[in-house]
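Just add 2 to the spot in the sequence shown (first one is 1) and you have my numbering.
Even for Gly, the Cβ is constructed at its ideal location relative to N, Cα and C.
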Amino acid sequence: MDCRGVFLYNRPMLKIGSLKLESNVLLAPLAGISDSSFRLICREFGVGFTFVEMINARALSYKGKKTKKMLRIDPHDKPIGIQLLGAELPYLIQALEVIESFYDFDLLDFNVACPVRKVCRRGEGAALMKEPEKLEKILKGLIQRWHKPVTVKIRSGWDQDSKNAVQIGKVAEQSGVHAIFIHGRDKNQLYAGSVDYKIIADVKKNVRVPIIASGDIFCAQSAQKMFDETGCDGILVARGALGNPWIFREIDEFLKHKRTLPAPPVSEVIKTLLKHLELSVAEHGEKNGVALMRKFVGWYFKGRPYVRPLRQKVNTVKTKKEFVALIETIPALANQREMC
Ligand SMILES: Cc1cc2nc3c(=O)[nH]c(=O)nc-3n(C[C@H](O)[C@H](O)[C@H](O)COP(=O)(O)O)c2cc1C
């Protein structure tokens with residue numbers, strides 16, 4: 003991706019209903035990734051709003067233990083949103099009852115973006131892009147029941163022949179949502195192919211609620227490009243934050259002062275990864291916490307010459323002690339220039 007360009011930054015504070023956010027750069031919902039430890043690491047580098055991992059309303063309405071564990075929030079991890087997936091209002095309402103009685107979320111988002119086949123086959127996620135009337139009923143039901151801001155996350159459309167984000171955006175606004183998140187790819191594109199900036203700009207022009215855009219935010223310049231090309235009010239960082247929580251500091255610095263921060267030295271990457279590991283083990287216990295951290299090693303050291311053997315070795319690591327010992331070999335692997 004081309005991350006060059008010079009742009010201007012002059013954005014008002016992001017307000018979603020009654021919720022005022024300090025920053026208009028948010029951490030995207032990331033199923034399987036954005037547990038409490040990942041969110042806390044991103045907070046360290048300045049992200050102002052996070053989401054817990056997407057929750058299936060039906061699973062939560064059955065009061066599943068694992069699902070409820072996903073909803074634990076650290077006091078430092080605020081403000082924070084919850085995203086629900088589902089297509090049947092009764093289950094969604096039951097899920098809201100569980101959420102309200104146990105947790106203090108600042109925002110409820112409804113997922114109309116998930117492209118996973120088995121999800122869409124159930125008529126959930128991106129499949130609702132094809133059912134505006136049903137979507138309207140669900141959104142109205144949620145808004146009536148939930149007393150804090152409600153948003154919706156949509157895609158540009160179902161496929162390239164049905165790019166109806168503008169229509170769905172209008173339906174969402176008429177239903178009463180307080181903001182719209184939009185991933186500028188259609189359902190068939192999944193996470194590849196080019197982001198459609200124009201359709202995001204069209205949605206922005208056609209509704210009055212804030213538009214928070216998503217797609218290929220991998221550096222400060224791509225963040226600026228999203229603001230400039232779409233006129234959006236905020237952005238979501240998704241894959242760009244994997245192994246790179248520094249991206250939030252970089253974007254902030256660039257948008258405010260036009261300064262490009264240098265990449266963190268290997269010593270800081272190691273320190274951050276080890277802190278992430280500590281948090282993960284505290285959250286999930288040693289066995290699961292270590293297992294969940296394996297994939298992050300490849301992301302934290304992406305592009306470095308020793309990343310491949312490191313990834314292979316980390317897959318055999320089982321305890322925190324072994325994990326730390328492996329990571330402590332990195333300074334010897336890295337060259338002197340990288341270390342300073
Ligand atoms: C591993 C992974 C998990 C995701 N989980 C969710 C999710 O639970 N809910 C959602 O609305 N979007 C989810 N997304 C989509 C992202 O929030 C984002 O919209 C998308 O990745 C585009 O942004 P990017 O190109 O900057 O990664 C996920 C994406 C990835 C890569």
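Select from the options the residue whose C-alpha is nearest the C-alpha of residue i.
{"i": "LEU98", "options": "PRO77, TYR64, CYS122", "result": "TYR64"}
{"i": "HIS149", "options": "GLU135, GLU133, LEU109, GLY217", "result": "LEU109"}
{"i": "ILE189", "options": "GLY305, ASN26, ALA115", "result": "Ile is not the amino acid found at residue 189; the sequence shown has Lys there. Checked all of GLY305, ASN26, ALA115; the closest Cα to LYS189 is ALA115."}
{"i": "HIS259", "options": "ASP218, GLN223, ARG119", "result": "GLN223"}
{"i": "VAL205", "options": "ILE170, ASP218, GLN176, VAL197", "result": "ILE170"}
{"i": "PRO311", "options": "ALA240, VAL209, THR331, VAL268", "result": "THR331"}
{"i": "LYS80", "options": "THR274, GLY48, LYS67, ALA89", "result": "GLY48"}
{"i": "SER103", "options": "LEU73, SER25, ARG124", "result": "LEU73"}
{"i": "THR153", "options": "TYR93, LEU42, PRO117, LEU21", "result": "LEU21"}
{"i": "PHE220", "options": "CYS234, GLY233, VAL197, ALA203", "result": "VAL197"}
{"i": "GLN191", "options": "ILE202, ASP161, GLU175", "result": "ASP161"}
{"i": "CYS122", "options": "ILE272, LYS139, GLY88, ASP106", "result": "GLY88"}
{"i": "ALA181", "options": "PRO31, SER216, LYS155, GLU252", "result": "LYS155"}
{"i": "GLU24", "options": "LYS323, GLY195, GLY125, THR52", "result": "THR52"}
{"i": "GLU324", "options": "ASN166, ARG124, ARG296, PRO247", "result": "ARG296"}
{"i": "ILE82", "options": "ARG45, GLN96, VAL100", "result": "ARG45"}
{"i": "ASN166", "options": "ILE253, ARG187, LEU141", "result": "ARG187"}
{"i": "GLY233", "options": "ILE214, GLY300, LEU244", "result": "ILE214"}
{"i": "LEU141", "options": "GLU90, GLU280, ARG157, ALA243", "result": "GLU90"}
Nearer than 7 Å: is that true of the beta carbon of residue i relative to any heavy atom of ligand 1?
{"i": "ASP37", "result": "no"}
{"i": "SER216", "result": "yes"}
{"i": "PRO1", "result": "Nothing can be reported for residue 1, as the shown portion of the chain is limited to 3 through 342."}
{"i": "TYR193", "result": "yes"}
{"i": "HIS185", "result": "yes"}
{"i": "LEU23", "result": "no"}
{"i": "LYS277", "result": "no"}
{"i": "GLY242", "result": "yes"}
{"i": "ILE219", "result": "yes"}
{"i": "MET56", "result": "yes"}
{"i": "ALA115", "result": "yes"}
{"i": "ALA225", "result": "no"}
{"i": "LEU32", "result": "yes"}
{"i": "LEU110", "result": "no"}
Just to confirm the assignment, what range does the beta strand (DSSP E) spanning residue i have?
{"i": "SER216", "result": "213 to 216"}
Name the two residues that bound the continuous alpha helix (DSSP H) containing residue i.
{"i": "ASP204", "result": "199 to 208"}
{"i": "LEU28", "result": "Per DSSP, LEU28 belongs to no alpha helix (DSSP H); it is in the beta strand (DSSP E), 27 to 29."}
{"i": "ILE249", "result": "249 to 259"}
{"i": "ILE1", "result": "Because the chain spans 3 through 342 in this model, residue 1 falls outside it and cannot be assessed."}
{"i": "SER282", "result": "268 to 286"}
{"i": "SER224", "result": "222 to 232"}
{"i": "PHE51", "result": "That residue, PHE51, is in no alpha helix (DSSP H); it is neither H nor E in DSSP."}
{"i": "THR69", "result": "67 to 71"}
{"i": "PHE325", "result": "322 to 329"}
{"i": "PRO311", "result": "309 to 316"}
{"i": "ILE145", "result": "134 to 147"}
{"i": "ALA334", "result": "332 to 335"}
{"i": "LYS120", "result": "119 to 123"}
Which residue or residues does DSSP assign as beta-bridge partners of residue i?
{"i": "LYS22", "result": "LYS17"}
{"i": "THR153", "result": "ASP111, ALA181"}
{"i": "ASN58", "result": "LEU87"}
{"i": "LEU238", "result": "LEU28, SER216"}
{"i": "ILE95", "result": "In the DSSP output, where bridge partners are listed per residue, ILE95 has none listed."}
{"i": "ILE82", "result": "THR52"}
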